[in-house]
Amino acid sequence: MKAEPDGSFQRQASSFRNTIEPGGKFEPEADRYHLYVSYACPWATRTLIVRKLKGLEGLIPVTVVSPRMGSHGWPFASVDPFPAADADPLYDSQHVKDLYLKAASEYSGRFTVPVLWDKKNQTIVNNESSEIIRIFNTAFNHLIPAEKATADLYPAELRAEIDSHNDWIYPAINNGVYRAGFATTQEAYEKAVHEVFEGLDKVEKLLTGKEYLVGDRLTEADIRLWVTIVRFDPVYVGHFKCNFRTIRDGYPAIDLWMRKLYWNSDAFKSSTNFDHIKTHYYWSHASLTRASYKINPTRVVPFGPIPVIRPL
Numbered sequence: 001m002k003a004e005p006d007g008s009f010q011r012q013a014s015s016f017r018n019t020i021e022p023g024g025k026f027e028p029e030a031d032r033y034h035l036y037v038s039y040a041c042p043w044a045t046r047t048l049i050v051r052k053l054k055g056l057e058g059l060i061p062v063t064v065v066s067p068r069m070g071s072h073g074w075p076f077a078s079v080d081p082f083p084a085a086d087a088d089p090l091y092d093s094q095h096v097k098d099l100y101l102k103a104a105s106e107y108s109g110r111f112t113v114p115v116l117w118d119k120k121n122q123t124i125v126n127n128e129s130s131e132i133i134r135i136f137n138t139a140f141n142h143l144i145p146a147e148k149a150t151a152d153l154y155p156a157e158l159r160a161e162i163d164s165h166n167d168w169i170y171p172a173i174n175n176g177v178y179r180a181g182f183a184t185t186q187e188a189y190e191k192a193v194h195e196v197f198e199g200l201d202k203v204e205k206l207l208t209g210k211e212y213l214v215g216d217r218l219t220e221a222d223i224r225l226w227v228t229i230v231r232f233d234p235v236y237v238g239h240f241k242c243n244f245r246t247i248r249d250g251y252p253a254i255d256l257w258m259r260k261l262y263w264n265s266d267a268f269k270s271s272t273n274f275d276h277i278k279t280h281y282y283w284s285h286a287s288l289t290r291a292s293y294k295i296n297p298t299r300v301v302p303f304g305p306i307p308v309i310r311p312l
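Structure representation (structure tokens):
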């Protein structure tokens, strides 16, 4: 985590930015790649959703870390047992950072998830979720059933509109909740939180009377936004002080869109674990290195909201 002198939160860029393509260093092959994720992390959850939508479960195994991120970063279940968390099946690593140091012994950046790992070269292909979901969207199409291969979450005719939405949704909402939550001055917090709700107001207008953000089909724009919205009431309202309004009571169009995707698509529902989500945010942020980021030092995890997501 990084704070600017004015108290605002600045996210560091991802470091491993390779792709998977025929003729490249990383060829698209079955059982060559492994995905490491956290159910708690919205960025990692993007990759889980697309992996399932594209039918890649048999080609790319997945390992889930414990949500209790401590001083060494994300732990595997071998050192921090937690329901639905896994041990590292490849190297019996203790923490995600062990993978980074295996890939690059001099690495000094953040040890983030998701991690798309190449078992052949024993290195990280990519740790940027926005790029991994595009890799998953096309790179393995020749290895999966036709109905999955033709499912295109970033179609050429909608790319300009998808990119346009992503360009403002990411800073205002996806990263905006973090900018509000990790702000260390009143001024930085108020600037960020107002931008969050200005963004939500804009999305509400976009989704009123519509099923999806772009066109009449599910695209990556929906996936990228959804992972933040599903965490909003359980975590961001209280923990990150984004409390102007809740989604369920303040944004009927966004709420209905979120619930339809959750209840009608297993790719969304099965990739969402509210126990991991709430535990991570309320437990882990007491142990971050910078004292100013110790948001919840008691590590008490709130019981609500009830229900955590409403039925349709």
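So in UniProt numbering, spot 157 of the sequence shown is number 157, and the numbers just go up one at a time.
Don't be surprised by glycine CBs; every beta carbon is placed ideally from N, CA and C.
No experiment lies behind these values; they were computed from the predicted model shown.
When only Cα atoms are considered, V64 and P145 end up about 26 Å apart.
Taking the Cα of A87 as reference, the smallest distance to any Cα among R259, S66, W43, T138 is reached at S66. Apart from the 5 residues on each side of it in sequence, T228 sits with its Cβ closer than 7 Å to the Cβ of P42, I173, N174, V177 in its chain, given in chain order. Around the beta carbon of H142, a 10 Å sphere encloses fewer than 16 other beta carbons of the protein chains shown; the residue is thus reported as exposed. Annotation: the continuous beta strand (DSSP E) that includes L35 extends over 33-37. Under DSSP, D118 forms a beta bridge with Y33, T123.
Closest by C-alpha distance to W283, out of I132, A30, W74, I162, is W74.
In this structure, C242 keeps its C-beta atom at 8 Å or more from the C-beta atom of Y251. Counted as a single uninterrupted DSSP element, the beta strand (DSSP E) harbouring V62 occupies residues 62-64. For the 8 Å CB-CB criterion, Y36 and I277 do not form a contact. Unbroken beta strand (DSSP E) stretches of 3 residues or longer found wholly inside the segment 234-300: none. If you look at R231, you'll find it in the alpha helix (DSSP H) that goes 220-231.
Nearest to W168 by C-alpha distance, out of V203, L207, N296, S105, is V203. Closest in alpha carbon position to V301, among M258, K52, H280, is H280.
When only Cα atoms are considered, P22 and P28 end up about 6 Å apart. At a Cβ-Cβ threshold of 8 Å, R46 and R224 count as neighbours. In the three-state reduction of the DSSP assignment, H142 falls in the helix class, which pools H, G and I. Bridge partners of G73 according to DSSP: G70.
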